[in-house]
Amino acid sequence: MKSKNEIPLSIALLPIGFLLIVIFYAVIIAKLPVHFPVFASAMFAALVSKVLLKCNWKDLEIGISETLKIVIIPILILLVIGMSIGTWILSGVVPTMIYYGLKMITPNIFLPVALISCSLISISTGSSWTTMSTIGIALMGMGEGLGMPKEVIVGAVLSGAYFGDKMSPLSDTTNLAPLMAGAKLFDHIKHMLYTTVPAYLFTLIGFVILGNKYSAITVNDIGINSMLNTLNENFNITPWLILIPILTIGLVIKKVPALPGLFLGALLGGGASILVQNRSLIDVMRVFQFGYNSNTGIKTIDNLLTRGGMSSMLMTISLIISALTFAGIMEKSGMLEKLAFEISKIANTKNKLVVASVITPFLTNLCAGGQYMSIVITGRMFRKNYEDFNLAPKNLSRALEDGGTITSPLVPWTVCGAFVATTFGVPTYMYAPFCFFNLICPIISIFYGIFGITIEDNGTNISTILEDKEMEEIVSDNN
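For what it's worth, the numbering used here labels the leading residue of the sequence shown as 32, then goes sequentially.
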């Protein structure tokens, strides 16, 4: 593979330009999903690598394989989440949570409650995916029953889920970012408070305002009563079913790996389907594979509850594979490194370096399809620059989270963006404007970088001080 110095910037930009043009045409003009455009862009990147950069195809295949290894476990988790959603609907878990939620929560407090409840669960589990696929699905049903727009509900759920994903010491990205930057975990978490707390407060205020706006809309009590009656007629509603998500979340908190923990939750849902809802084993196995199909006759409920199953995640998985194929080719050919290097050349002051460290992970999400790649690539690229400027590594690790972790669900072809859109059935471009936390946090981080706010230098090593003092004494004695 060629080094970054051997690759012209114009060639490195070719696949990015092709990607943006094809996606614009497919999404905006043709109204098609992004799956084929992303795969076509991967093949175009391979063509550029082979023809213009003279790369060996076998090396590019290795790059693709190495990149896809990162998402093998997340892909399996996606399949298990599909099973969980299906069995939790069939067993009555989700209908029960919707039923009691509609009885207790009013429209004016729904959005703040959704934000805070998702925040608490995600910071306890360290997993935005677990939060969204458990309480997030139930909140979607409650919100629709109260007349809330889908995209606004997803914005509140996702904002809360990513607050915990960013701040919890159990989160994989919260551990990965300081590892790549050379910072300590709890120094990293404390330093993130400077950007996270203001962003969260602005987010809470935003959803309070939106909640009051939608509370002014007359809630159709007849419609809600119809939903409650329909849920009661089609499912055995009992608060005991809520123990299943509580137990599943508890397993994650107890550090049971996500894959077996979520699969056990899916199995518990299947068992409850048989014992509580009097479903057959064949019904459970069918829902594991194809998801739940609701036929209550109430459109709102049927649209909400017809989801889940392994099959529902296959489109998401195909997008993830396509995006990471593109990323693997871009990285292995050296084009991604070239783009990152050109950005780093502009960052020739402390403030510019911090700003570049926030922007680059977002750009990497656009190019590489996932938050892990954005954190690893940017952290590896800028770590030496931070040492040269004597900046504390926690500044870099915070920038990686603010620019990489937080923005990943805002890009349709990233692993997270594809998961959110599939789980809630809302396109990324619709829910992204309401993800207040995910939008505000990077802006605050960039603002801090521009004006040098909360940017800390590396402390002088005590051993260096002692060595300098000893040297001064030796020089003084000699004089």
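We treat Cβ as the ideally placed atom computed from N, Cα and C, and that holds for glycine.
These numbers come from a predicted model, not from an experiment.
To the nearest angstrom, report how far apart residue i and residue j are at their CA atoms.
i: Ser-476; j: Leu-121; result: 43 Å
i: Tyr-130; j: Ser-304; result: 17 Å
i: Ile-104; j: Glu-373; result: 33 Å
i: Val-511; j: Leu-367; result: Outside the shown range of the chain (32 to 510) lies residue 511, about which nothing can therefore be said.
i: Lys-363; j: Gly-94; result: 5 Å
i: Val-65; j: Ser-72; result: 11 Å
i: Gly-483; j: Asp-433; result: 16 Å
i: Met-211; j: Asp-196; result: 17 Å
i: Ile-253; j: Asn-260; result: Legend: pLDDT at Ile-253 = 49, less than 50; position of this residue unreliable, no value from coordinates given.
i: Asn-263; j: Ala-423; result: 57 Å
i: Thr-380; j: Ala-387; result: 10 Å
i: Trp-88; j: Gly-123; result: 51 Å
i: Val-58; j: Cys-447; result: 18 Å
i: Cys-86; j: Lys-100; result: 21 Å
i: Ile-512; j: Lys-369; result: Because the chain here runs from 32 to 510, residue 512 falls outside it and cannot be looked at.
i: Thr-459; j: Pro-180; result: 14 Å
i: Leu-224; j: Pro-39; result: 40 Å
i: Ile-106; j: Leu-63; result: 23 Å
i: Pro-360; j: Ile-52; result: Note on residue identity: the sequence assigns Ile, not Pro, to residue 360. Going from the Cα of Ile-360 to the Cα of Ile-52 covers about 19 Å.
i: Pro-443; j: Ile-60; result: 16 Å
i: Ile-7; j: Ala-192; result: The structure shown does not extend to residue 7, since the chain is modelled only from 32 through 510, so no value can be given for it.
i: Ala-214; j: Ile-140; result: 39 Å
i: Gly-480; j: Leu-83; result: 38 Å
i: Met-128; j: Asp-488; result: 49 Å
i: Leu-146; j: Ser-439; result: 19 Å
i: Val-385; j: Phe-413; result: 9 Å
i: Leu-295; j: Ala-354; result: 30 Å
i: Pro-200; j: Val-457; result: 30 Å
i: Phe-266; j: Lys-81; result: 58 Å
i: Asn-334; j: Met-198; result: 34 Å
i: Thr-453; j: Ile-168; result: 12 Å
i: Ile-255; j: Gly-132; result: 11 Å
i: Tyr-56; j: Val-69; result: 12 Å
i: Val-183; j: Pro-464; result: 9 Å
i: Ser-17; j: Ile-220; result: This structure cannot speak to residue 17, because the chain is shown only from 32 to 510.
i: Thr-227; j: Thr-485; result: 13 Å
Please check the pair residue i and residue j, which I expect to be a contact at CB under 8 Å, by giving their CB distance rounded to whole angstroms.
i: Phe-455; j: Val-185; result: 5 Å
i: Phe-450; j: Thr-356; result: Their Cβ separation, rounded to whole angstroms, is 18 Å, which puts Phe-450 and Thr-356 out of contact at 8 Å.
i: Gly-242; j: Pro-138; result: 7 Å
i: Ile-275; j: Gly-301; result: In fact, because the Cβ distance is near 10 Å, the residues do not count as touching under 8 Å.
i: Met-22; j: Phe-319; result: The chain is shown only over 32 to 510; residue 22 falls outside these bounds and no answer can be derived.
i: Ile-511; j: Cys-149; result: A question about residue 511 goes unanswered here, because the residues of the chain that appear run from 32 up to 510.
i: Ile-406; j: Gly-435; result: 5 Å
i: Gly-410; j: Leu-397; result: Rounded, the Cβ-Cβ distance is 17 Å, inconsistent with contact.
i: Lys-425; j: Asp-218; result: 5 Å
i: Leu-336; j: Tyr-323; result: 6 Å
i: Leu-272; j: Asn-469; result: Going by Cβ atoms, the distance from Leu-272 to Asn-469 rounds to 31 Å, so no, they are not a contact pair.
i: Leu-350; j: Phe-238; result: In fact, because the Cβ distance is near 29 Å, the residues do not count as touching under 8 Å.
i: Ala-371; j: Thr-98; result: Wrong, their Cβ atoms sit about 16 Å apart, outside the cutoff.
i: Thr-118; j: Val-287; result: Wrong, their Cβ atoms sit about 18 Å apart, outside the cutoff.
i: Asn-416; j: Ala-378; result: 7 Å
In three-state terms, what does DSSP make of residue i?
i: Leu-44; result: helix
i: Arg-317; result: helix
i: Ile-253; result: Its pLDDT being 49, under 50, Ile-253 is placed unreliably by the model, and nothing is read from it.
The region 306-322 contacting the region 71-88, beta-carbon criterion three pairs below 8 Å: no
Secondary structure, beta strand (DSSP E): runs of 3+ residues fully inside the region 389-443: none
Cβ contact (3+ pairs, closer than 8 Å) linking the region 320-329 and the region 41-54: no
The region 155-164 contacting the region 278-296, beta-carbon criterion three pairs below 8 Å: yes
contact_flag[the region 206-225, the region 171-181] where n(CB pairs < 8 Å) is 3 or more: no
Touching by the beta-carbon criterion (3+ pairs, under 8 Å), the region 385-398 and the region 106-117: no
Minimum length 3: unbroken beta strand (DSSP E) runs contained in the region 153-186: none
Minimum length 4: unbroken alpha helix (DSSP H) runs contained in the region 317-375: 330-336, 345-363
Segments assigned alpha helix (DSSP H), at least 4 residues, entirely inside the region 274-306: 274-284, 289-306
Uninterrupted alpha helix (DSSP H) stretches inside the region 109-161 (no shorter than 4 residues): 124-135, 138-156
4 or more residues per run - each alpha helix (DSSP H) lying fully within the region 35-111: 40-55, 66-82, 88-100
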